[in-house]
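First comes the structure, then the notes that go with it.
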Amino acid sequence: MPKKKNDALFEMKKQIKDNALKPLYLLFGEETFLRDLYCGRITAKIPDAGFEEFNHIKLEGNDVPLSEYDDAIESFPMMTDKKLILIKDSGIFKAPKEDVKAFWLEKFSRLADDTVIVFSESAVDKRSATYKAAAKAGMAVEFEYMSEADTVTWVVKQCLDAKVKIDKSNAYYLISLCDPGLNNVNNELQKLLTYCDNEILKSDIDRVVSKSLQVIVFELSDAIMAGNVKKALTVLTDLKTVKENAFTLLYLLYSTFDKMLHAKLMGRAGAQEIAAAIGVSPFIARKYIDGAKGFSEDALVKMATRVPEIDLSIKEGRVSDWTALEQYVTECIHFGQEKEDTKLF
53 MPKKKNDALF EMKKQIKDNA LKPLYLLFGE ETFLRDLYCG RITAKIPDAG FEEFNHIKLE
113 GNDVPLSEYD DAIESFPMMT DKKLILIKDS GIFKAPKEDV KAFWLEKFSR LADDTVIVFS
173 ESAVDKRSAT YKAAAKAGMA VEFEYMSEAD TVTWVVKQCL DAKVKIDKSN AYYLISLCDP
233 GLNNVNNELQ KLLTYCDNEI LKSDIDRVVS KSLQVIVFEL SDAIMAGNVK KALTVLTDLK
293 TVKENAFTLL YLLYSTFDKM LHAKLMGRAG AQEIAAAIGV SPFIARKYID GAKGFSEDAL
353 VKMATRVPEI DLSIKEGRVS DWTALEQYVT ECIHFGQEKE DTKLF
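When we follow the numbering used here, the leftmost residue of the sequence shown carries the number 53, and every step to the right adds one.
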């Protein structure tokens, strides 16, 4: 029976705790906070003996020469039993060139006992020969964005460790304002922990936390759905004041309505299936699913198909970018007044 993702993480935790490290770890996935956390925990298990340059070798990027990798792997530890090689975003587990693939397949076939190699990769192709060879030679552990419930639990625990109280409803409210990923949540949480004394309240979150641009775009789409012209234009004015890019906002709105349309067209499919189809986490997918319920299919089609036309108008100089964006939002409010056909959902 194939191992579950959580099984691999549990195994790795035990190996770190027991100081029984494998010669190779491939940590990958979108959750960079946890990848960095476990890179740090593995690194802490391999002392550098005061010779960090020789015993904690760090290589990053997809343009590192093979000769540099070779020197790092073939060198001996200095005044210690093991050395660590930490390789970040090498790209070798997607579609490597033949010479790169051959190099790594050979290295993975004969890993030394005195070296621990840790790869930290944003994306891999599990079908690639390099991925399969690395997973066989050591261990591959995937870090996806945590579920909404697990992220809430994580926030509550961080606050507990800091001796600051937060209830689950406020923890949920906090994560709802952040882009996906613990890095984003943690950045805002640290601001709150600095600001608050004994407890984090909703009013503190409203006062301290910076809403993600996507959250603001969801608020804008809510105003469009409600037909609230004043609210929609106020949001746009605020964004213009802080010098957000009009093109960025235009295409974020396009992406939002496009994903809502996909969610609507998938009918009664679950959040997991819709999330996979539109390329977001199930937590975020539910926002698109809920938003889609407020618009007719025809309205969403019109909202999405208008953007290329507006883009062309701006590029041809027929209208300024911010004027075009404001007019587009006004048009969307008009489209949004078409009532939802409940039979579609």
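Note that the Cβ used here is the ideal one computed from N, Cα and C, for glycine as well.
For residue i, the three-state DSSP class (helix, strand or coil)
i, result
"Tyr225", "helix"
"Ile144", "coil"
"Ile362", "helix"
"Phe387", "helix"
"Glu104", "helix"
"Glu251", "strand"
"Glu112", "strand"
"Leu73", "coil"
"Met312", "helix"
"Met64", "helix"
Spatial distance of residue i from residue j (CA atoms)
i, j, result
"His108", "Leu272", "48 Å"
"Ser174", "Cys91", "13 Å"
"Phe387", "Asp231", "28 Å"
"Glu83", "Thr286", "34 Å"
"Phe160", "Glu200", "37 Å"
"Ala187", "Arg162", "14 Å"
"Gln379", "Ile218", "42 Å"
"Asn58", "Lys311", "29 Å"
"Lys69", "Tyr77", "15 Å"
"Ala60", "Glu158", "24 Å"
"Asp363", "Tyr121", "45 Å"
"Ala102", "Leu136", "The sequence shown places Gly at residue 102, rather than the Ala named in the question. Going by the C-alpha atoms only, they are around 13 Å apart."
"Asn297", "Leu305", "13 Å"
"Ser228", "Gly369", "38 Å"
"Leu79", "Leu86", "9 Å"
"His314", "Asp342", "12 Å"
"Ala214", "Leu245", "8 Å"
"Ile144", "Cys384", "44 Å"
"Ile94", "Leu73", "8 Å"
Unbroken alpha helix (DSSP H) run spanning residue i, endpoints
i, result
"Ile330", "Ala323 to Ile330"
"Glu158", "Glu150 to Phe160"
"Glu126", "Leu118 to Glu126"
"Glu271", "Leu265 to Ala278"
First and last residue of the uninterrupted beta strand (DSSP E) at residue i
i, result
"Val261", "Here Val261 belongs to no beta strand (DSSP E), and DSSP marks it neither H nor E."
"Leu136", "Lys135 to Lys140"
"Val170", "Thr167 to Glu173"
"Glu83", "Segment: none, Glu83 is in no beta strand (DSSP E) and carries neither H nor E."
For a minimum of 4 consecutive residues, which ranges assigned as the alpha helix (DSSP H) are wholly contained in the region 192 to 216? 200 to 213
Cβ contact check for the region 251 to 262 and the region 324 to 338: 3 or more pairs under 8 Å: no
Closer than 8 Å is the cut-off here; do at least three beta carbon pairs connect the region 278 to 295 with the region 248 to 257? no
Below 8 Å, how does it come out for the region 315 to 325 and the region 180 to 199: are there three or more Cβ pairs, yes or no? no
Taking contact to mean at least 3 C-beta pairs separated by less than 8 Å, is the region 234 to 248 in contact with the region 349 to 358? no
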